[in-house]
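In UniProt numbering, the protein residues as written are 1 to 490.
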């Protein structure tokens, strides 16, 4: 609920700023003072490590040469940094690569839009069962061979009524109209017609029912469908049940929801008190409006987060780019997960909300580094942004994907859904950070020309100031020569 969510956010906030922040500071001090990050002991000198076995050198080395350890940029020689700086940034900003990236994004947007038009609700009970459960086999068989029929609906009459009354009998037929019925009362009337017996009174109706009908071998299975109550020497029927099956089309779930909406109001206003139930109705109720609700929930989350961040950003244009990027990632995950046979259920809704956080955490530093850079061209700003944040994005995404890999080995469709949505979240975010944004930012605002003009104007202003200072100093020197100090003259 809302209270639990607020408590979780506050606990996470204080955890990051207290314990986690302290751990980062401690790790930074260890690295600065050349202490081992695991064993917390002083890292031996290079000469000492050269005399030790390879395994000892591997465990105790910090990976940096002593002469370059205090360099301002100690990770420039990392292979990811080297690859991004020397190869990838040059390739992605190439003029001949940009048209293909635009085509790739159009394909991405097309598939995402196509998937968004095919969103299906998550009312399938298979998604809530273990993948190796016998119930899954039953549900798949039922969907394959009997998908043209609705689930078997239990029709329970929970108060005594006059079953022998012709008006009540017609009323029951009206309620079951349009259904294929498995009913003890229909079979009972058929039995009366076969044996040519009349049961128009209560005593005759119940007597024949108990002593003859329910004792016949072909009708004994109806014994559990009727509950009798003995009142003196007489018996009363206090409750009974029958089963209804409706013929449906391929849109079984939608039609079952319509059946529920038609039957349940009747149970409240009808003179015969009854209830209708099937175990799948729980999921039908939960997901009868789940096509619209998750989209509204995710959309509201997007707007809330982006509106809040609007007041915290340094540059409004960066916030605008962040809104576009997060929206593109969100729609991409929503559409592609539909094409990957992921229904809209509670797990996918949570994953869509988490996609906002994941995309913002990875795209925001990349975008703001580009937007706030004023000393270079667009291409140079993109290269600098990728060099500064590319390695961190790759490492974080790789750890995230490795962390969700165990979900593949859990025999549950819920974990499969979580894995698919998480993998799509990571993939779409990396695609935007490394392919789409580096290209689109090179020919869309913000422009760097006005920054160049300002820079050129500042440079000219500085040169004028220097010339004025130089002229002022020369003038003072001349005045000193022409007007010597009086004390000096004396």
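Even for Gly, the Cβ is constructed at its ideal location relative to N, Cα and C.
Here the alpha carbons of residue 45 and residue 19 stand approximately 32 Å from one another. A check of alpha carbon separations from residue 263 across 206, 179 and 17 identifies 179 as the nearest. The stretch 333-352 and the stretch 375-393 do not touch, with fewer than three beta-carbon pairs separated by less than 8 Å. Taking 8 Å as the upper bound for CB-CB distance, residue 277 and residue 154 are in contact here, some 5 Å apart. Burial state of residue 22 is exposed, judged by a 10 Å Cβ sphere holding fewer than 16 other Cβ atoms. Contact between the stretch 364-384 and the stretch 128-148 is absent: fewer than 3 CB-CB pairs across the two stretches fall below 8 Å. Assignment of residue 234 by DSSP, reduced to helix, strand and coil, places it in the strand class.
Residue 212 and residue 232 have their alpha carbons spaced roughly 21 Å apart. Pairwise C-beta distances place the stretch 435-443 in contact with the stretch 94-104, as three or more of them are shorter than 8 Å. In the structure shown, residue 180 adopts extended strand secondary structure according to DSSP, grouped into three states.
For residue 107, the enclosing alpha helix (DSSP H) has its first and last residue at 98-116. Following the DSSP letters along the chain, one finds residue 92 inside the alpha helix (DSSP H) bounded by residues 89-92. Look at the beta carbons and you see the stretch 365-380 touching the stretch 318-329: at least three pairs across the two are nearer than 8 Å. When rounded, the separation of the alpha-carbon atoms in residue 345 and residue 339 is 15 Å. Exclusion of the five residues before and after residue 164 leaves 199, 200, 201, 202 and 205 as the residues of its chain whose Cβ lies within less than 7 Å of its Cβ. For residue 25, the enclosing alpha helix (DSSP H) has its first and last residue at 21-32. Listed in chain order, the non-local C-beta contacts of residue 425 below 8 Å within the same chain comprise 329, 333, 351, 354, 355, 358 and 359, local neighbours out to five positions each way being set aside. Burial check for residue 174: the Cβ neighbour count within 10 Å stays below 16, so the residue is exposed. Contact check for residue 132 and residue 411: beta-carbon distance about 5 Å, within the 8 Å limit, so the pair qualifies. CA-to-CA, the gap between residue 81 and residue 134 works out to about 51 Å. Around the beta carbon of residue 222, 16 or more other beta carbons lie within 10 angstroms, which makes this residue buried. Per DSSP, residue 156 lies in no alpha helix (DSSP H) segment; the continuous beta strand (DSSP E) that holds it begins and ends at 153-157.
A residue is called buried once 16 or more other Cβ atoms fall within 10 Å of its Cβ, and residue 304, having fewer, is exposed. Per the coordinates, the alpha-carbon of residue 168 lies some 41 Å from the alpha-carbon of residue 120. Taking every protein chain shown into account, the CB of residue 144 has fewer than 16 other CB atoms within 10 angstroms, so this residue is exposed.
Restricting attention to 417, 396 and 408, the CA atom closest to the CA of residue 430 is found in 396.
Taking the C-beta atoms as reference points, residue 158 is found nearer than 9 Å to residue 274. For residue 151, the closest alpha carbon among the candidates 409, 9, 243 and 308 is that of 243. By the Cβ neighbour-count rule, residue 9 is exposed, with fewer than 16 other Cβ atoms within 10 Å of its own. By a beta-carbon distance limit of 8 Å, residue 418 contacts residue 407. Their separation comes to about 6 Å.
When secondary structure is reduced to three states using DSSP, residue 166 falls in the helix class. Annotation: the continuous alpha helix (DSSP H) that includes residue 358 extends over 346-372. In the three-state reduction of the DSSP assignment, residue 148 falls in the coil class, being assigned neither a helical nor a strand state. Contact between residue 432 and residue 327 fails: their C-beta atoms lie close to 11 Å from each other, not under 8 Å. In terms of Cβ geometry, residue 149 and residue 245 form a close pair [threshold 9 Å]. Here residue 229 is bridged, per DSSP, to 236.
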